[in-house]
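Residue numbers (my numbering), protein chains in the order written: chain R, 1 to 439; chain X, 1001 to 1441. As structure tokens, the structure follows; a few thoughts come after it.
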Amino acid sequence: MPRISAHAACQDFHRASEASRRDVLTRRQMLKWGIGAGVTVYAAGALPTGHLLDAAAAEAAAAPDAPVLVSVFLPGGLDLLDTLMPMEQEGVLRDLRGAVAPAAPLALAGTSLGLHPALSRGPGGGLQGLFDRGQVGFLPGIDYANPNLSHFASRAFWETGMVSQQSVSGWLGRWLDRHGSADNPLQGLSAGYGLSPTLRAVKAPVASVSDAGDAQLGMWSVWGDWGDAAVRAYAALSQSTPQAAGPAAAARAARLAHTVSDRLAPLRKVKDGPDPLAGPVTYPEGNDTADRLQVLAGLLAQPLGIRVATVDGDGSFDTHEGQAATLERDLGAVGEALATFQADLQARGIADRVLTFVWSEFGRRPMANRSGGTDHGAGGIAWVQGPRAMSGILTDYPSLTDLDPEKNLKVTVDFRRVYSSLLGQWMGTDPVEVIPGAA
Amino acid sequence: MTRIGGWSQAHVRRVVWRAGFGATPHEAAKWAHRGRAATLRWLLTPNGHPAPLSGPKPMALDPVNEYGHDMLWWMDRMVRTTRPLEEKMVLLWHDHFATRDVDTPLMLRQNALLRRRALGSFPALLRAVMEDPALGTFLNLIGSYKDEPNENFARELMELFTLGEGNGYTEADVREAARALTGIVRGREAGGVLLTTRFDPKNHDSGVKRIFGHRGRFGPHDVLRLCVEHHAHAEFLVRKLWSFFVDEPLDRTTRLRLQRIYVRSGHRLKPVVGAILDHPALYAHLGGPTMVKAPAVAIAGMLRGTRLGVRTDDWVWVTGEMGQRLFSPPSVAGWEWGTAWMSSNGMRMRFVAANVALSQPGLKVEDGDTPVDLEPEQQLARALKAIGQPWLSPRARKGLLSLAKGYDAMAGQKWQRQVAADMTQRAMRHLLLSAPDAQLH
Chain R
1 MPRISAHAAC
11 QDFHRASEAS
21 RRDVLTRRQM
31 LKWGIGAGVT
41 VYAAGALPTG
51 HLLDAAAAEA
61 AAAPDAPVLV
71 SVFLPGGLDL
81 LDTLMPMEQE
91 GVLRDLRGAV
101 APAAPLALAG
111 TSLGLHPALS
121 RGPGGGLQGL
131 FDRGQVGFLP
141 GIDYANPNLS
151 HFASRAFWET
161 GMVSQQSVSG
171 WLGRWLDRHG
181 SADNPLQGLS
191 AGYGLSPTLR
201 AVKAPVASVS
211 DAGDAQLGMW
221 SVWGDWGDAA
231 VRAYAALSQS
241 TPQAAGPAAA
251 ARAARLAHTV
261 SDRLAPLRKV
271 KDGPDPLAGP
281 VTYPEGNDTA
291 DRLQVLAGLL
301 AQPLGIRVAT
311 VDGDGSFDTH
321 EGQAATLERD
331 LGAVGEALAT
341 FQADLQARGI
351 ADRVLTFVWS
361 EFGRRPMANR
371 SGGTDHGAGG
381 IAWVQGPRAM
391 SGILTDYPSL
401 TDLDPEKNLK
411 VTVDFRRVYS
421 SLLGQWMGTD
431 PVEVIPGAA
Chain X
1001 MTRIGGWSQA
1011 HVRRVVWRAG
1021 FGATPHEAAK
1031 WAHRGRAATL
1041 RWLLTPNGHP
1051 APLSGPKPMA
1061 LDPVNEYGHD
1071 MLWWMDRMVR
1081 TTRPLEEKMV
1091 LLWHDHFATR
1101 DVDTPLMLRQ
1111 NALLRRRALG
1121 SFPALLRAVM
1131 EDPALGTFLN
1141 LIGSYKDEPN
1151 ENFARELMEL
1161 FTLGEGNGYT
1171 EADVREAARA
1181 LTGIVRGREA
1191 GGVLLTTRFD
1201 PKNHDSGVKR
1211 IFGHRGRFGP
1221 HDVLRLCVEH
1231 HAHAEFLVRK
1241 LWSFFVDEPL
1251 DRTTRLRLQR
1261 IYVRSGHRLK
1271 PVVGAILDHP
1281 ALYAHLGGPT
1291 MVKAPAVAIA
1301 GMLRGTRLGV
1311 RTDDWVWVTG
1321 EMGQRLFSPP
1331 SVAGWEWGTA
1341 WMSSNGMRMR
1351 FVAANVALSQ
1361 PGLKVEDGDT
1371 PVDLEPEQQL
1381 ARALKAIGQP
1391 WLSPRARKGL
1401 LSLAKGYDAM
1411 AGQKWQRQVA
1421 ADMTQRAMRH
1431 LLLSAPDAQL
1441 H
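Here it is in structure tokens:
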């Protein structure tokens, strides 16, 4: 596959078709989306939310080779410096970190950076192996101007794609409101028990699935035709459209549960029969992130019209204490799960149409605290992975000697710039529909 | 106090759901008869002594050692408490001071502390929670030393416990408060369990700090005091309490009145909670409830209404997959309440919850249990009685009656009439527990 030369956000992601790539990656857009343009472009000119939500009629988008975007959230604020260590600044880093000794990093070929050793776990050398094979693009220094160090405020900004409290919909939910179907809840899928706020939509149906083989509504004690009639009665009871938010949400959730049950019925586990979703790759045991990604991979291989999906990584990256041990365990588990997921997609022959974006709500402070950990900071880390991802270090690495006035890392790329690239370059739609001020 | 026009069983059912886990038919009749003032007095009585429990006994529980039994133990209290508001407040505080990832004995001790102080003084509650080892462990307050303080607790103290995100404080305030909060270290232990914390001046930063514009050599208790006395605190707490009980908007006049009640009472909780429970907004739309039940509330309410009690550990995974694993909130911000519970999968799990309930002796319909030749109305009355007379919309009532008629028609041959009767009863009971109406209170 041709690769486009480095260092502009619009090149972060390749798109499936040559034609659309020519169309999208023009010189003009490279400049417009260029990372050098900085973080402040979003400070002004945001569109009012209402304008964004005036969605045109949604079009059904279930083409079998349509690109899929998977968002994986690592909760707590993952440390950039320990995950992707700047080896040229190692002396300064060790001074700042004191007792929180960074793990001995794995040198990343062709860069001056070292990857946390736990990220070599998993098939094919884990995330490091994926990087070596040109399938990972790291985004160090990602955040936004004047970062908010509250987990919940910052996470909400990333989920909604707006640095404000004004949006009720998530950025991928907004994309579905614009480009999704009106009747397929599986188009926006949270693999897990609850729905990710990233997928919250105003009108597009979306779903959460924790176990694809067990997503049916069935009454255990009412069987056969009686049971079918009872489930039909349940569906009928959910066909109301009350005004108040609570009753409307309950009726809608029942309708969605019923639709998901119907659509996944052919994939039901049959006793003693083969699992129709089973794949060729073995996932690690006792790894919740891996369990969720396995469910997702199985569903992505089916013609269900999934376009955007979310997975919450297991573990806590809020390493106020015991950072070394926590990262070794939790980052290792997440990395292993992600590498296995990628191998599974590859083996199922669908890797080319899936791009995975991994993110956390902020980074951590260069100076350690005395609990063997680090406090909330700015300038975190995210990455894109998949055969179509631009591989390499896609953003400027923040300096350890030129910190901001709060002694945090200086942010080098705004996450909304990356979202815009994902929407424009990967999903092939105009980012401004979803990200205010993106134009 | 504001007058509420009339007082009926519908009022009682509303307030006992919002301030508890639902009224049994007996409670609804009793408190409707005794009147508004007596009902609120009953709810607000908690006095710090453990409430007596009444109702169906639970299975054998070992909350410290058996997986999930901590949750079952608490759900049993929710099901059998004679002071529903007290138990509901414990749930509120568990969400407010959300703690996880610490040893079960610590979580249970914290839970007892939240119950003891459920409706007392907020500053006293805040102080007790800070000095208790559970949250101090979770948020790294224990072991935050001078020179390099850990900011975790200081930040959440302002953002989540007292003021609200970015509400009248700065990053500098967080850092200065973190300095003032240094010096809390591990205290007494017994059998490997940390029972207390203590203040160690050697590890405390005794220098001058500047917090919210005040200067002084502040220590941990000063920080709590400054937060509670901060101008943004009363509004923050009133909004939090209001939205826990009421889903109508909080108008400015009411808010200011509630803030006055809270501040003038010396930051006591009982008067302000009492005023909220007495407010007409809590009784809006009596004919059709509008708030989504949280998973733990839905399950505890179901086990209370059906009189099943906690008789299977299935409730651990069922409630967890509905989205609320007690003692393990998703983060220090607690759970997202309200319509956020209503995901497609969360709703499917509520359907599964009805399956589990209907397989329990006491609610299970065995073959031949149901008299044949009951009219649809009689079938419905029987099912409503079994479930504990839950609210049912006219639309759902019609749906259930028409299901019964459909089953009648399906039972073509005489031997099928018994099957149809039993199936009707099972399906009706299930839908009374699983359909959208059942998720609202």
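Glycine included, each C-beta is placed from N, C-alpha and C at the ideal position.
Report all residues from its chain with a CB closer than 6 Å to the CB of residue i; omit the five preceding and five following residues, and keep chain order.
i, result
"R1307 (chain X)", "P1056"
"T259 (chain R)", "P185"
"A1404 (chain X)", "P1376, Q1379, T1424"
"S1008 (chain X)", "A1032"
"W1017 (chain X)", "H1441"
"D344 (chain R)", "G279, V281, A297"
Among the options, whose alpha-carbon lies nearest the alpha-carbon of residue i?
i, options, result
"R1395 (chain X)", "X:A1409, X:T1424, X:L1432", "X:L1432"
"A301 (chain R)", "R:D352, R:T319, R:A253, R:A333", "R:D352"
"D143 (chain R)", "R:P431, R:Y419, R:V434", "R:Y419"
"D1369 (chain X)", "X:R1426, X:L1119, X:V1016", "X:R1426"
"S421 (chain R)", "R:A118, R:D318, R:F357, R:D402", "R:F357"
"G1362 (chain X)", "X:G1338, X:G1305, X:R1255", "X:G1305"
"D228 (chain R)", "R:L217, R:L237, R:G273", "R:L217"
"S1144 (chain X)", "X:D1101, X:D1076, X:P1220", "X:P1220"
"A339 (chain R)", "R:A99, R:V70, R:G126", "R:G126"
"V1332 (chain X)", "R:D318, R:V334, R:T326", "R:D318"
"P147 (chain R)", "R:F415, R:E433, R:W426", "R:F415"
"L1194 (chain X)", "X:A1381, X:P1436, X:M1107, X:W1042", "X:M1107"
"E285 (chain R)", "R:A66, R:G122, R:R255", "R:G122"
"R252 (chain R)", "X:E1027, X:A1340, X:A1019", "X:A1340"
"H1296 (chain X)", "X:S1344, X:L1072, X:R1239", "It is Ala, not His, that sits at residue 1296 (chain X) in the sequence shown. Selected option, being the one with the closest Cα: X:L1072."
Near residue i, which residues of its chain fall below 8 Å by C-beta distance, leaving aside the five closest residues on each side in sequence?
i, result
"A55 (chain R)", "At A55 (chain R), the pLDDT of 25 sits below 50, so the modelled position is not reliable and the matter cannot be decided from this model."
"I1299 (chain X)", "M1075, W1315, V1318, T1319, M1322, A1353"
"Q1416 (chain X)", "M1410"
"P398 (chain R)", "L80, P140, G141, G379, L409, K410, V411, T412"
Would you kindly report the start and end of the unbroken alpha helix (DSSP H) that includes residue i?
i, result
"S154 (chain R)", "151-160"
"L1401 (chain X)", "1394-1410"
"T1319 (chain X)", "1314-1322"
"W1074 (chain X)", "1069-1080"
"Q128 (chain R)", "126-132"
"V1228 (chain X)", "1220-1229"
"R416 (chain R)", "415-421"
"A251 (chain R)", "245-264"
List the endpoints of the continuous beta strand (DSSP E) containing residue i.
i, result
"R1018 (chain X)", "First-last for R1018 (chain X): 1009-1018, but that is the alpha helix (DSSP H), not the beta strand (DSSP E)."
"W1031 (chain X)", "Taken as a continuous stretch (DSSP letters only), W1031 (chain X) belongs to no beta strand (DSSP E), being part of the alpha helix (DSSP H) at 1025-1034."
"W383 (chain R)", "380-385"
"M85 (chain R)", "84-86"
"V72 (chain R)", "68-73"
Label residue i either buried or exposed according to how many other C-beta atoms from any shown protein chain fall within 10 Å of its C-beta, with 16 as the threshold for buried.
i, result
"S391 (chain R)", "buried"
"S1054 (chain X)", "exposed"
"P48 (chain R)", "For P48 (chain R), the pLDDT reaches just 26, beneath the cut-off of 50, and the residue's location in the model is therefore unreliable, leaving the point undetermined."
"T282 (chain R)", "exposed"
"E336 (chain R)", "buried"
"I35 (chain R)", "Per-residue confidence for I35 (chain R) stands at a pLDDT of 33, beneath the threshold of 50, marking its modelled position as unreliable; the derived number appears in the next sentence. The residue in question, I35 (chain R), is buried, as its Cβ has 16 or more Cβ neighbours within 10 Å."
"L1126 (chain X)", "buried"
"Q239 (chain R)", "exposed"
Quick one: residues in its chain with C-beta nearer than 7 Å to the C-beta of residue i, no 5 flanking neighbours on either side, listed in chain order?
i, result
"R97 (chain R)", "A368"
"D404 (chain R)", "A378, K410"
"M1089 (chain X)", "A1118, L1119"
"T395 (chain R)", "I35, L139, P140, G141, I142, T412, V413"
At a CB distance below 7 Å, what residues from the stretch 216-239 of chain R approach chain X? Give them in sequence order.
L217, M219, W220, S221, V222, D225, W226, A229, A230, A233, Y234, A236, L237, S238
Scan the stretch 1422-1440 of chain X for residues whose Cβ lies nearer than 8 Å to a Cβ of chain R and list them as they occur along the chain.
M1423, R1426, A1427, H1430, L1431, S1434, A1435, P1436, D1437, Q1439, L1440
Which of the residues in the stretch 1059-1086 of chain X, read from start to end, lie with their CB under 9 Å from any CB of chain R?
none
Any C-beta of chain R within less than 9 Å: which residues of the stretch 1327-1338 of chain X qualify?
P1330, S1331, V1332, A1333, E1336, G1338
Determine which residues of the stretch 1286-1306 of chain X have a Cβ less than 8 Å from any Cβ of chain R, and write them out in chain order.
G1288, P1289, T1290, M1291, V1292
Give me the subset of the stretch 122-133 of chain R whose CB atoms are less than 7 Å from a CB atom of chain X, sorted by chain position.
none
Residues in the stretch 1256-1288 of chain X with C-beta within 8 Å of chain R's C-beta atoms, listed in sequence order?
H1285, G1288
Short-range partners of chain X found in the stretch 173-206 of chain R, where Cβ spacing is below 7 Å
P185, Y193, G194, L195
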